[in-house]
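Written below as structure tokens is the structure these notes are about.
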DNA sequence: TATTGTTATACTCTATAACTATA
DNA sequence: TATAGTTATAGAGTATAACAATA
């Protein structure tokens, strides 16, 4: 029945020529692989990214973390709560209304572990391409992102 | 506080060098733009893709549609139900256990409208790059996808 | 008046397990 | 025994609106 394109060749699918669709599918594959790699240490993708940003920016507020990650203030609450409950992140009053977030010693160890896992995960995919191709990707993707870099409105 | 990379320059963020992260953020931006464009005709991204595959493959089953789109059998049920409830898709018994799906006349009109919207959406992003760059993207993304093209297992 | 954190809620997409009826 | 459709349920991420405390 008119097998085209890349997908095994079951049904016709003109979606494959769409950048947005290909981006979505490719991203889903990498996310699934990352989730699997991080599942061992019971961290979800959104939690690791938050943890890493906090590790790199001791004293930042959770609203700031959300702005960098494109996660809304309201959605940061359960993420930070869980990181604190697990003893990976600590916070102290900074401002009366804001908190200064910091990674604990246990948190730093988890970050190191997570980073190693992320490197492995990344390598599985980036090793498929030559450096010129990777350069194109790293030039292009931020441009797409900047078309409407979503933070909090 | 160590502003780096692309994101406005708030906090340090080593995530930006990760292919998977950039892919995820870029995809989210395009998905949000698509959802906005399709919101006018009350179609969600998952529904449009299903509708388009059915339009291109008259007589296919919903399991087949799911396989092409990487959507599990169980998750196809509400998608197809909604398309049928809206009179965009019709089905007849094919096999006793499977149905042959077809786009109705009303469905075909909606597909045409949706395709025009998708073209507009795509153009907003693909116009940012030259054709050599787009060629790289269209070569690379299916390779990433094929690393574990998820259908139903 | 604007901002930080918070609660509550809803929506979209995805995942699993189990059932039915057919083949 | 395997397949197509279905049901029920859970999880992850995201979106909005509203509120309290603070600046």
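Protein chains in written order, with the numbering used here: chain Y, 115 to 267; chain A, 115 to 267.
Ideal Cβ placement from N, Cα and C applies to all residues, glycine included.
All figures in this text were calculated on a predicted structure; none of them were measured in a lab.
{"Item": "Measuring CB to CB, does residue 261 of chain A end up less than 9 Å from residue 239 of chain Y?", "Value": "yes"}
{"Item": "Anything in chain Y within Cβ reach of residue 189 of chain A, meaning under 9 Å, just list it in chain order.", "Value": "The premise fails here: residue 189 of chain A is roughly 13 Å from chain Y at the closest Cβ pair, so nothing lies under 9 Å."}
{"Item": "Near residue 224 of chain Y, what residues of its chain come up, given a Cβ to Cβ distance below 6 Å and the 5 sequence neighbours on each side ignored?", "Value": "202"}
{"Item": "Between which two residues does the alpha helix (DSSP H) holding residue 249 of chain Y run?", "Value": "245 to 260"}
{"Item": "For residue 217 of chain A, list the residues DSSP reports as bridge partners.", "Value": "A:203"}
{"Item": "Just checking: is the beta-carbon of residue 130 of chain Y within a distance shorter than 9 Å of some beta-carbon in chain A?", "Value": "yes"}
{"Item": "Determine the burial state of residue 154 of chain Y: buried for a count of at least 16 other Cβ atoms within 10 Å of its Cβ, exposed for fewer.", "Value": "exposed"}
{"Item": "Which two residues bound the contiguous alpha helix (DSSP H) that contains residue 184 of chain Y?", "Value": "No alpha helix (DSSP H) contains residue 184 of chain Y, which DSSP labels as neither H nor E."}
{"Item": "When burial is assigned at 16 or more other CB atoms within 10 Å of the CB, is residue 231 of chain A buried or exposed?", "Value": "buried"}
{"Item": "Quick one: Cα of residue 198 of chain A to Cα of residue 209 of chain Y, how far?", "Value": "55 Å"}
{"Item": "Does the CB of residue 126 of chain Y have a neighbour CB from chain A at under 9 Å?", "Value": "yes"}
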